[in-house]
Amino acid sequence: MKIENHALIGDQVSFQQTPNFYNGPFRTATGLADSVIVHYTAMTSLPLAVKALTTRKARGNASAHLVVGKNGEVVQLAKFNFRTWHAGDSEYNGRKGYNSYAIGIEIDNVGWLQKMSDGTYGRQELQQTYTEDEVMNLRHFNPNVHYQYWQKYTDKQVATVTAICELLKETYDIKEILGHDEIAPARKQDPGPAFDMLHLRNTVLNDRSDHLDVGKVNASLLNIRSGAGVNFEKVAQPLKRNTEVQVLEEQGGWYKVRTSIEGWVSKDFIDFSE
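The opening position of the sequence shown corresponds to residue 1 in this note's numbering, with each subsequent residue numbered one higher.
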């Protein structure tokens, strides 16, 4: 893939202009985006998401710059030099209104799910269910988000989003890559704990300054708990060896860490780079 004239070019890339955009530059010194916001579509297919984001309604219009499908296909809805309507009421580190600063990437994913009586996972409004191998059991880093099950992202989606962010950084000097749940935590859960924002940021920006430090799990499996001690419940499946974690605080022999989820781990099983 490559970027030409503010458009993404590639074998799996198509363009479908959305009517939902701002006809004007970003509110940055260059007039171009300096940030990326990652979302999930909360819909059951790429075509449905594209239709929703390219439809003009009486109210509640939304859009984004890109939608990434499960096989790594990409639909661009607006050129990167136009602002789209994806962030809404948002703030991070004192900056408000991220539509005016960020490129929006939507990923084809339904987001949170509930366990159904037949053992599958879904939500009533989706009219579609998912099997256990399509779902992750994870706690969101935001303690006010109580959803437990999340649809998995595909490896092709993760690879495509990473490659796109690397291109955007090279082209527009992107300095921030954030989830919608980080800029609007009171009302949004996407992209949720099934998408590893920490790994994306570290891969693209090599920025390890957000919190105290970044380490890696040195055990084959490491339990992550709701508090600093073995008596606290596990909040998710154990972390695997070499999983990157951001250390938020220390208490006794425990670190509070954040990956795609947030919890406490024994500090003996975290290594730090020299």
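From the three backbone atoms N, C-alpha and C, an ideal C-beta is built for every residue, glycine too. In this text, all values refer to a predicted model and were calculated from it rather than measured experimentally.
When rounded, the separation of the alpha-carbon atoms in H199 and L205 is 10 angstroms. Going by DSSP, Q76 is part of the beta strand (DSSP E) stretching over 74–76. Counting the other Cβ atoms within 10 Å of the Cβ of L138 gives 16 or more, which makes it buried. Between V36 and L178, the gap from beta carbon to beta carbon is short of 9 angstroms. Contact between the stretch 107–114 and the stretch 41–50 is established, with three or more Cβ pairs separated by less than 8 angstroms. The C-alpha of A78 is placed about 5 angstroms away from the C-alpha of H65. Annotation: the stretch 136–193 contains the following complete segments of the beta strand (DSSP E) (minimum length 3 residues), in chain order: 149–151, 176–179.
For M1 against L167, the beta-carbon gap comes to about 6 angstroms, under 8 angstroms, which counts as contact.
Taken through DSSP and simplified to helix, strand or coil, A7 comes out as strand.
The continuous alpha helix (DSSP H) containing R201 extends over residues 197–204.
Buried is the label assigned to E182, since at least 16 other Cβ atoms lie within 10 Å of its Cβ.
DSSP lists I9 as the beta-bridge partner residues of K2. When beta bridges are read from the DSSP output, R83 appears opposite Y22. Across the structure, E249 and V257 are spaced so that their CA atoms are roughly 7 angstroms apart.
Counting along the chain, the unbroken alpha helix (DSSP H) around K51 starts and ends at 46–53. Here I9 is exposed: its Cβ has fewer than 16 other Cβ atoms, across all protein chains shown, within 10 Å.
By the Cβ neighbour-count rule, H146 is exposed, with fewer than 16 other Cβ atoms within 10 Å of its own. Approximately 16 angstroms separates the beta-carbon atoms of T129 and K70; this is outside 8 angstroms, ruling out the contact.
The way I'd put it, the stretch 83–93 does touch the stretch 18–35; three or more beta-carbon pairs between them come closer than 8 angstroms.
Within the model, the alpha-carbon separation for V161 versus H6 is close to 17 angstroms. Counting of Cβ neighbours within 10 angstroms places N99 among the buried residues, the total reaching 16 or more.
Rounded to the nearest angstrom, the gap between the Cα atoms of L46 and T54 is 12 angstroms. The beta carbon of P238 lies closer than 8 angstroms to those of L221, L222, N223, I224 in the same chain, with the five residues before and after it left out.
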